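These notes concern the structure reproduced below.
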Amino acid sequence: MARSNVRHRRSHAAASSPQAESAPGTSGDHAEVRDLRHDSSRNDFDISGVMIQGHPVWPDIPTGQGDVFFECTLFLYSILALFLQYLNLYKTLWWLPKSYWHYSMKLHLINPYLLSCVGLLLGCRVTRCFWNRISYVFGKIILDERPRWFNITAVIIEFGVIKTPLFVLVITSFFFSFSRVYFDFPSKTFLYFGYVIFAFCLAFAHDAAFKLSAALEFFRLNFGHSDFLHKMELCLASFGKESQMVDMELVTHMCSTSPSLIREEVDILCNDFFHRVKHCIFVGISSAYFSIFIPCVFTPEKTLNGLPQEMLVDYVWVAQLAIIVACTSFSLYVTYLFPLNYCDLLHRSSIHLGYWQQIEDPKGAPKIRDWQFDKLYQSGDVCCVKGKFYRAVAARNQGIAADPTSNNHKFFFGFSSDCTKIPTLLCCFQLGLIVFQFWLLVLTTDWQHIVTLVLLMFANYLLLAKVFKDRVVINRIYRPSPEDLQLIDQLKAGA
Numbered sequence: 048m049a050r051s052n053v054r055h056r057r058s059h060a061a062a063s064s065p066q067a068e069s070a071p072g073t074s075g076d077h078a079e080v081r082d083l084r085h086d087s088s089r090n091d092f093d094i095s096g097v098m099i100q101g102h103p104v105w106p107d108i109p110t111g112q113g114d115v116f117f118e119c120t121l122f123l124y125s126i127l128a129l130f131l132q133y134l135n136l137y138k139t140l141w142w143l144p145k146s147y148w149h150y151s152m153k154l155h156l157i158n159p160y161l162l163s164c165v166g167l168l169l170g171c172r173v174t175r176c177f178w179n180r181i182s183y184v185f186g187k188i189i190l191d192e193r194p195r196w197f198n199i200t201a202v203i204i205e206f207g208v209i210k211t212p213l214f215v216l217v218i219t220s221f222f223f224s225f226s227r228v229y230f231d232f233p234s235k236t237f238l239y240f241g242y243v244i245f246a247f248c249l250a251f252a253h254d255a256a257f258k259l260s261a262a263l264e265f266f267r268l269n270f271g272h273s274d275f276l277h278k279m280e281l282c283l284a285s286f287g288k289e290s291q292m293v294d295m296e297l298v299t300h301m302c303s304t305s306p307s308l309i310r311e312e313v314d315i316l317c318n319d320f321f322h323r324v325k326h327c328i329f330v331g332i333s334s335a336y337f338s339i340f341i342p343c344v345f346t347p348e349k350t351l352n353g354l355p356q357e358m359l360v361d362y363v364w365v366a367q368l369a370i371i372v373a374c375t376s377f378s379l380y381v382t383y384l385f386p387l388n389y390c391d392l393l394h395r396s397s398i399h400l401g402y403w404q405q406i407e408d409p410k411g412a413p414k415i416r417d418w419q420f421d422k423l424y425q426s427g428d429v430c431c432v433k434g435k436f437y438r439a440v441a442a443r444n445q446g447i448a449a450d451p452t453s454n455n456h457k458f459f460f461g462f463s464s465d466c467t468k469i470p471t472l473l474c475c476f477q478l479g480l481i482v483f484q485f486w487l488l489v490l491t492t493d494w495q496h497i498v499t500l501v502l503l504m505f506a507n508y509l510l511l512a513k514v515f516k517d518r519v520v521i522n523r524i525y526r527p528s529p530e531d532l533q534l535i536d537q538l539k540a541g542a
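Per my numbering: the sequence shown ends with 542, consecutive numbering throughout.
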């Protein structure tokens, strides 16, 4: 994150104070204060006839559960979808009076090794979270001030007792199960399991190249020098780029009147926004792929006697179920990667950015100027860029620092200027998903479909309640009612 515009949260109070923003054009000089009017809901000040509008005071809202809890929740939802898909594939007619099936599923047809492979792949993010949590805990324990024997013992426990057995257990279990699946389905295994690896490398090409370059460097430095590996490492390093999401625990927005700094912050946040959306889409599609599609592909091809057989699969129902699971997993990850404080950060940056509206006829404009990179424009100004005319549109009387020709700036302002847009879109998305499932529930007559839809709809109900609560909270922060303003004044008077 750009350290010029984003600082540690300890400096948030300084950003909220009236001294954190100076009026455009004063450049730090002491302006004569003629009138000072203060709004209780936000830090707004009228100094020398110029309204300097700050942002609403962000309350101490609980950040919610950590990454381990969230990944475990998504993992349990994926396992539930996997179980329901197996129920739809291997159902029996156990409810008929003369049925010789005593169970609801044909358990002897389920491949346990395929189930193990899919479960381990769905839980890889949970394993990574536990791995990072273990590293974090032992990083707090191992300190230079402690005795050497204590640090050595802690390292032995970390790697010898916890991490190495965990790594060996997961890797050996996966490869053993994968080998058994390959023995049963030699022509399908690498093809369908390799799709996900190919999709990951395609979607996160720069990140994958960076990690592969770091792995080649580690191998070259520790296991012998090779010119070929060194050339490959340099080639991947020139293409690769580490993509890390903005850590909301370490950064926050600080107001600035410098157009270049505002655009720098917006560019970083815009790239971070697209990176998070890409992660959400990939997680949604991959969860539906492993939970819904893979069990349909790897159905038994032979009976217990070795005779060929073919299982009839309702691919229309499979497609509907995959859409439900993919959209729900996508929504779950959006609620995790786009918390309220992140929406607030995007909104604060967009307020300082503003945007330019293209106009056909600049007649009536007081003055037309060429757009300058280092100038902060005011609302209503008209500029000319490459023969096209643009009118500045500000948010809350702020300056305009956006680039008229940048599509990212237009998208960023349009998407982030309303702080409730992301929670509102999520609410509408969840409502549409619930209506779609309810419509399928009304049309279906199969008992396994009814069980599947009822259990999956329960997760959407909980998710809708969560995003609707977030929408109400952020709306009351930015658009407080008269009762809220009165309560804020009473709290300030009591303090």
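All C-beta atoms, glycine included, are put in the ideal place defined by N, C-alpha and C.
Computed from a predicted model, the values in this text were never measured in an experiment.
Boundaries of the beta strand (DSSP E) harbouring residue 436: 435-440, taken from the DSSP string.
Between the region 308-323 and the region 229-243 there are fewer than three C-beta pairs closer than 8 Å, too few to call the two in contact.
If only complete runs of 4 or more residues are kept, the region 197-282 shows the alpha helix (DSSP H) at 211-231, 236-250 and 252-270, in order along the chain.
In terms of CA proximity to residue 473, 514 leads the group 455, 218, 142 and 514.
Here residue 133 carries a helix assignment [DSSP, helix/strand/coil]. In this structure the region 369-378 lies against the region 327-341, because at least three pairs of beta carbons, one per stretch, are closer than 8 Å. Going by C-alpha positions, residue 212 is about 20 Å away from residue 225.
Using a C-beta cut-off of 8 Å, the region 458-465 makes contact with the region 389-397, since at least three inter-stretch Cβ pairs fall below that distance. Per DSSP, residue 298 is not a residue of any alpha helix (DSSP H), being assigned neither H nor E. By the C-beta density criterion, residue 372 is buried, having at least 16 other C-beta atoms within 10 angstroms. For residue 364, the uninterrupted alpha helix (DSSP H) run begins and ends at 362-384, by DSSP. Spanning the alpha carbons of residue 442 and residue 417 requires a straight line of approximately 22 Å. For the pair residue 345 and residue 161, the CB atoms are nearer than the 7 Å cut-off.
In the three-state scheme derived from DSSP, where H, G and I count as helix and E and B as strand, residue 141 is classed as coil. Residue 403 counts as buried, since no fewer than 16 other beta carbons sit within 10 angstroms of its beta carbon. The three-state secondary structure of residue 416, taken from DSSP, is strand. When the beta-carbon positions are compared, residue 517 and residue 387 come within less than 7 Å of each other.
A contact between stretches requires three or more CB pairs, one per stretch, nearer than 8 Å, and the region 418-428 fails this requirement with the region 343-361.
Nearest in C-alpha terms to residue 480, of all of 531, 238, 370 and 415, is 370. Taking 8 Å as the upper bound for CB-CB distance, residue 299 and residue 392 are in contact here, some 7 Å apart.
In this chain, the beta strand (DSSP E) harbouring residue 431 covers 429-432.
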